[in-house]
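Below is one structure, written out as structure tokens; the observations come after it.
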Amino acid sequence: MCWSLKELIAPEPVQKQSVVAWGRAGSGGEEGTKLPDPSDGVQPIVGNQKNPRDFDDKLGTPPGLRTGGEMANPVPSACCVVLAAVVVVYAQRHSQQDSHIQYERVGADVTMKCGSMDWDAAVTWTANGTDIDDSHLNGSYLILKNVDLTQSGQYSCYEGSSWHLKYQTYLRVGVPPKEPVLMCRSNNYPKGFYCSWHLPSPTYIPNSFNISVIHGTREMVCEKDIFPKNRCHIRYLQLFSTVKYKVTLTVTNALGKNSTTLTFDEFAIVKPDPPESVVAKPVPNNPRRLEVSWQNPSSWPDPESFPLKFFLRYRPLILDQWQHVELSDGTSHTITDAYAGKEYIIQVAAKDNDIGTWSDWSVAVHATPWTEEPKHLTTEVQITETTSTSTSSFMPPPTTKICDKGAGVGSGAVAVCWTAGLVLAAYGVLFI
Amino acid sequence: MAAADTPSATLRHHDLCSRGIRLARKMRSDVTDLLDIYVERQGLDASISVAAVDGVPTAAVERWAEQTGTQRLLDNLAAYRAFRTLLAQMLEEQRELLGDTDAELGPALAAMLLQVSAFVYHLEELLELESRGAPAEEGSEPPAPPRLSLFEQKLRGLRVLRELAQWAVRSVRDLRQLSKHGPGSGAALGLPESQ
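Printed below as a string of structure tokens:
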């Protein structure tokens with residue numbers, strides 16, 4: 001793009017221009033560096049009410065440019081003039097004759113007029129600053145056939161000889177919203193419940209969401225959460241009601257709208273968060289036990305009045321099959337049938353004692369039952385610990401002698417004792 | 001209130017609350033099964049909405065957490081006395097309609113009536129322990145219902161069973177609140193943040 005020197009030095013006064021800003025409110029004429037997320041409903045902030053003075057104030061006085069006083073050194077002055085001209089041209093290029101955003105469907109044919117220019121006027125169209133080939137022009141109209149997502153961007157039209165900006169628009173190519181996905185759940189019963197939603201596929205343009213909650217004849221307020229944005233919560237005004245709740249979510253964008261409705265009972269959506277702080281520890285001197293403890297989810301407001309029950313599952317890492325234990329109270333459990341020496345994975349889930357559904361599984365924890373430190377063999381009889389019993393009762397450690405020479409029960413008994421000891425020693429050697 | 005404060009009274013109170021909770025849970029489980037049988041036998045759609053019916057106690061309550069122990073017991077007693085009358089009516093209507101041919105719904109209704117009667121007795125005991133005494137039943141007797149068509153009878157029966165199921169859950173919660181505090185505590189038993 002070329003400008004004459006005259007224009008650089010003394011550009012045309014900035015005409016009534018407006019600014020489009022993306023992202024943060026109050027950013028004024030600053031061009032956004034990031035487009036809003038199509039799914040977050042963020043609307044572009046259109047600052048077309050701003051007058052050139054406000055816009056200039058936002059830009060500030062260019063550095064080095066003096067508004068009065070003695071004539072400066074001519075060389076820096078020329079630089080400042082050039083710089084000022086560049087700034088003005090930049091403002092021209094990035095401001096809009098009319099603030100305009102145009103939404104079109106993927107696959108549509110789009111015709112853009114160059115403002116009030118006649119059809120046969122000589123114009124130049126640019127897309128994101130790049131000149132558009134004349135083959136896309138019909139007179140001064142820009143024709144875009146079967147638009148796709150890559151054609152979103154800023155389209156500008158300049159008068160042929162003067163390069164005056166005559167029209168500018170931001171084309172956003174997108175699709176109408178599909179039926180949104182809505183979910184409602186009470187993880188803090190009996191305080192209330194929340195509903196959250198998302199679109200199954202992006203629309204590529206901003207969307208707005210509206211939710212209504214009806215209980216019988218009463219319309220309830222769904223207070224939007226700050227985070228995440230696609231969520232709101234409702235306080236229960238009544239408990240134990242047979243009347244169903246009806247939640248309708250409508251999503252709207254510039255190309256269409258869609259909605260979905262959920263109807264449910266108060267009890268049906270109760271689902272606590274998973275238990276927290278799950279800890280599994282070996283039990284000293286117990287090779288088949290693991291002690292597991294956990295806490296109620298912090299989101300559950302009153303576990304004393306609305307107690308939770310728990311479901312514990314565990315398995316050794318080397319096996320696929322889980323063992324399950326349901327616990328009607330308490331926040332701890334001792335596993336007594338663990339395989340000695342094997343690492344276990346353990347998870348816990350929670351449910352209200354009377355209503356609703358089970359939570360998701362907690363974060364998995366790993367633990368290995370206690371094992372004895374390996375001992376050196378000596379000449380004395382070593383009795384190895386057996387693990388073949390089905391009970392988890394405590395077995396005497398190997399150093400415990402089962403024969404006592406001083407027992408004084410008679411020589412026959414002593415002989416039986418020694419025989420038993422030798423048999424056991426042989427058994428132990430076999431397994432070592 | 002001296003009698004309500006004795007250790008034996010406290011133990012009895014706790015025992016009555018625990019047994020009451022178990023009884024309410026059993027009622028809830030059985031009424032859920034009974035609802036399935038009822039809907040099938042009466043040819044109704046399980047998802048049908050039935051508006052509130054005069055004389056059928058509604059379990060829905062606002063400010064549940066702010067109720068006193070005594071209020072909970074009185075509300076429960078009034079409700080289950082009404083259910084006892086309603087179930088007896090339903091049983092009579094079933095017998096008139098189907099006689100002895102009904103091998104499933106009639107016995108299930110009779111069993112539920114028995115449980116409800118037992119629960120009424122339980123609540124009366126708890127109120128005695130609260131030293132309040134149970135209110136006379138004559139005063140809480142619902143007025144005689146108007147003569148209903150067969151379809152209206154079926155819908156009313158559906159409403160009765162649905163509300164009974166909700167009441168059973170509410171009773172578990174109420175008794176749990178009661179058991180947290182000793183007998184004779186008529187003060188408000190609320191949640192940390194009111195519902």
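From first to last, the protein sequence lines are chains R and S.
Here the UniProt record's numbering is used: the first sequence runs in plain steps of one and ends on residue 432.
Here the UniProt record's numbering is used: the second sequence runs in plain steps of one and ends on residue 195.
All C-beta atoms in this analysis are idealised placements derived from N, C-alpha and C, irrespective of residue type, glycine included.
Opening and closing residue of the alpha helix (DSSP H) in which residue i lies
i	result
Y38(S)	7 to 42
K154(S)	150 to 180
9 Å Cβ cut-off: residues of chain R touching residue i
i	result
R72(S)	Those within 9 Å of R72(S) in chain R number zero; the least Cβ separation is about 12 Å.
E96(S)	Under the 9 Å cutoff, chain R gives no residues; its nearest Cβ is about 27 Å from E96(S).
Where residue i falls, given that 16 or more other Cβ within 10 Å makes a residue buried
i	result
P183(S)	buried
H215(R)	buried
L86(S)	buried
W64(S)	buried
residue 462(R)	There is simply no residue 462(R) to check, as chain R begins at 1 and stops at 432 in what is shown.
S194(S)	Reliability of the predicted coordinates at S194(S) is poor, the pLDDT of 42 falling under 50, and no value is obtained from them.
S171(S)	buried
L150(S)	exposed
L317(R)	exposed
N187(R)	buried
Q321(R)	exposed
P228(R)	exposed
I355(R)	buried
R176(S)	buried
F119(S)	buried
G157(S)	buried
P7(S)	exposed
T124(R)	buried
S18(S)	exposed
Y344(R)	buried
L114(S)	exposed
residue 196(S)	For residue 196(S) there is no data in the structure shown, the boundaries of chain S being 1 and 195.
T352(R)	The sequence as given places Asp at residue 352(R); Thr does not occur at that position. Answer is buried; the Cβ neighbour count reaches 16.
D15(S)	exposed
First and last residue of the uninterrupted beta strand (DSSP E) at residue i
i	result
S208(R)	208 to 215
W197(R)	192 to 198
V325(R)	323 to 327
D352(R)	344 to 352
H333(R)	332 to 335
T169(R)	165 to 174
I101(R)	101 to 105
W294(R)	286 to 295
S277(R)	276 to 283
K271(R)	No beta strand (DSSP E) contains K271(R), which DSSP labels as neither H nor E.
L182(R)	181 to 185
E219(R)	218 to 220
L308(R)	308 to 316
V365(R)	365 to 367
Chain-ordered chain R contacts of residue i [CB-CB under 8 Å]
i	result
R162(S)	T242
Within chain S, the residues that residue i reaches when beta carbons sit closer than 7 Å
i	result
Q238(R)	A60, V61, E62
Tell me which residues of the region 51 to 85 of chain S have at least one Cβ-Cβ distance to chain R shorter than 8 Å, keeping chain order.
T58, A59, A60, V61, E62, W64, A65
Please give the ranges of any alpha helix (DSSP H) in the region 40 to 111 of chain S, keeping only runs that are unbroken, at least 4 residues long and fully inside the region.
69 to 98
If you scan the region 227 to 262 of chain R from start to end, which runs of the alpha helix (DSSP H) of 4 or more residues do you find wholly inside it?
none
Of all the residues that make up the region 166 to 179 of chain S, which are near chain R by a beta-carbon distance shorter than 8 Å?
Q166, W167, V169, R170, V172, R173, R176, Q177
Members of the UniProt domain "Fibronectin type-III" (274 to 374) of chain R near chain S, C-beta cut-off 9 Å
P301, D302, E304, S305, F306, P307, N353, D354, I355
Can you list, in chain order, the stretches of the alpha helix (DSSP H) that have 4 or more residues and sit fully within the UniProt domain "Ig-like" (107 to 157) of chain R?
none
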